[in-house]
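K.L.:
Before we start, here is the structure in question, set down as structure tokens.
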Amino acid sequence: MPEGPEMVFLKELAEPFVGQQVWEARGEAKGISFDRVKGQVLQDIKTFGKELFFCFPDFALRVHLMLFGKYSINGELNRVLQLGLVFEAGEINFYACDCRLLNAPWEDQYDWPTDVLHPAFDPEKALGKLLRSPGRFICDALLDQTLFAGVGNGLKNEVLFRQRIHPESQVGEIPASELRALIKATQALSAEYLEGKRHGEGEVHWQAYRQKICPRDRVPFLKAKLGKPPRSCYFCALCQRQYLPDW
DNA sequence: GGTTATGTTATTTC
DNA sequence: AGAAATAACATAAC
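Using our numbering, you'd call the opening residue of the first sequence number 34 and step up by one each time.
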């Protein structure tokens, strides 16, 4: 479920509830006073990276699907309900996820344009932030939500493959032009996946992530846990260049 | 039954 | 104290 484009898509699915009053709020999520939510009018739905926010006048309900999160709109799943909101137009239910209540002014905690899908995402600003840690591996940097909110392990692998960059390349050794292209490709691929969701193309068509053979070189992808902390990387030893210091 | 996994955060360790 | 490693959590598929 949980990379940025999926969350924007979910936001769009839930948009019919905006402007409606919560008829019932329930679930097992700790730290949420469901009494406080009942009767409130949903003002807006926002996303930041992989986080989804149901915005009310004095607070927001934040949902993060983590690894195994599930949701159902106008239906129920056979699991422990974490958060369920019932409106006149229907209901939305969340399971196996992290749900929290954030008190106003909660929006100040987020640097919204850091989200690669935000209209104001600024590739140059991202490049500046990226270069502050020149010694880290690019596979780690791409997953850093303070740099590229919304990028998950799938997008990470895919964009590195597309740009022909080895995951264990050191940020400071990659030419700035390549980094710029990588950042723009990350933004573009996220938008492309969102557009695919909007057109009902269920699953994303991965070229590298979870794939066996490099479609360019017809050789097996290497699969390894790289980075700190280790995360699965799928990459081609032939076409993805590794940038490392000479010595 | 064991391993793996679209992710983050709390706790422990150095 | 603070950085870094480890554990924890939830769930389905192979």
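Ideal Cβ positions, reconstructed from N, Cα and C, are used throughout, including at glycine.
Can you say whether GLN273 is buried or exposed, counting buried as having 16 or more other CB atoms within 10 angstroms of its CB?
P.N.:
Taking the first sequence and counting its residues from 1, one reaches residue 273 at position 240. So GLN273 ends up on the buried side.
K.L.:
So GLY37 is in the alpha helix (DSSP H); what residue range does that whole segment cover?
P.N.:
If you number the first sequence from 1, residue 37 lands on position 4. It spans 37-47 - the alpha helix (DSSP H) in which GLY37 sits, taken as one unbroken run.
K.L.:
Give me the Cα-Cα distance between CYS247 and CYS132, rounded to the nearest whole angstrom.
P.N.:
For this step, residue 247 is matched to residue 214 along the first sequence. For this step, residue 132 is matched to residue 99 along the first sequence. Looking at the two C-alpha atoms, the distance is approximately 39 Å.
K.L.:
Assign ASP144 to buried or exposed, taking buried as 16 or more other Cβ atoms, counted over all protein chains shown, within 10 Å of its Cβ.
P.N.:
Numbered from its first residue, the first sequence carries residue 144 at position 111. So ASP144 ends up on the exposed side.
K.L.:
Roughly how many angstroms lie between the CA atoms of GLU109 and ALA182, to the nearest whole one?
P.N.:
Mapped onto the first sequence, residue 109 falls at position 76. Mapped onto the first sequence, residue 182 falls at position 149. Using only the alpha carbons, I get a separation of about 29 Å.
K.L.:
Assign PHE101 to one of three DSSP states: helix, strand, or coil.
P.N.:
Here residue 101 corresponds to residue number 68 of the first sequence, with the count starting at 1. Residue state, collapsed to three classes: coil.
K.L.:
Could you check if ILE65 is buried or exposed, using at least 16 other CB atoms within 10 Å of its CB as the buried criterion?
P.N.:
Taking the first residue of the first sequence as 1, we reach residue 65 at position 32. The residue in question, ILE65, is buried, as its Cβ has 16 or more Cβ neighbours within 10 Å.
K.L.:
Ignoring anything shorter than 3 residues, give me the beta strand (DSSP E) runs that lie fully in the stretch 145-208, in order along the chain.
P.N.:
For the stretch 145-208, not a single whole beta strand (DSSP E) run of length 3 or above is found.
K.L.:
Tell me the DSSP secondary structure of TYR267 in three-state form.
P.N.:
Taking the first sequence and counting its residues from 1, one reaches residue 267 at position 234. Strand, per DSSP.
K.L.:
For ILE297, which of helix, strand or coil comes out of DSSP?
P.N.:
Nothing can be reported for residue 297: it is not among the residues displayed for the chain, which extend from 34 to 280.
K.L.:
Output needed for GLY60: all residues of its chain with C-beta closer than 6 Å, excluding positions within five of it in sequence on either side, in chain order.
P.N.:
Along the first sequence, read from residue 1 onward, the residue named residue 60 stands at position 27. Taken in chain order, the residues that qualify are LEU114, GLN115, LEU116 and GLY117.
K.L.:
Could you tell me the boundaries of the beta strand (DSSP E) in which GLY260 lies?
P.N.:
In the first sequence, the residue the question calls residue 260 occupies position 227. Taken as a continuous stretch (DSSP letters only), GLY260 belongs to no beta strand (DSSP E), as it is neither H nor E.
K.L.:
What did DSSP end up calling GLN53 once you bin it into helix, strand or coil?
P.N.:
Here residue 53 corresponds to residue number 20 of the first sequence, with the count starting at 1. The answer is coil: DSSP assigns GLN53 none of H, G, I, E or B.
K.L.:
Can you give me the C-alpha to C-alpha distance between GLY168 and ALA122, rounded to a whole angstrom?
P.N.:
Taking the first residue of the first sequence as position 1, residue 168 is located at position 135. Taking the first residue of the first sequence as position 1, residue 122 is located at position 89. Each residue's Cα considered, the two are about 51 Å apart.
K.L.:
Are there 16 or more other CB atoms within 10 angstroms of the CB of SER202, so buried, or fewer, so exposed?
P.N.:
Residue 202 sits at position 169 when you count from the first residue of the first sequence. Buried, because 16 or more other Cβ atoms sit within 10 Å of the Cβ of SER202.
K.L.:
Between the stretch 259-268 and the stretch 70-88, do three or more beta carbon pairs fall short of 8 Å?
P.N.:
With the cut-off at 8 Å, the stretch 259-268 and the stretch 70-88 do not touch.
K.L.:
Can you grab the Cα-Cα spacing for the pair SER210 / ASN126, in whole Å?
P.N.:
Locating residue 210 in the first sequence gives position 177, counting from the first residue. Locating residue 126 in the first sequence gives position 93, counting from the first residue. One C-alpha to the other measures close to 44 Å.
K.L.:
When DSSP labels each residue in this structure, what does ALA214 get in the three-state scheme?
P.N.:
As a working mapping, residue 214 is identified with position 181 in the first sequence. Helix at ALA214.
K.L.:
Just checking my contact of PHE194 with CYS269 at CB under 8 Å: how many whole Å lie between their CB atoms?
P.N.:
Sequence index remark: in the first sequence, residue 194 carries index 161 (1-based). Sequence index remark: in the first sequence, residue 269 carries index 236 (1-based). Right, the Cβ-Cβ distance comes to about 7 Å (below 8 Å), so this counts as a contact.
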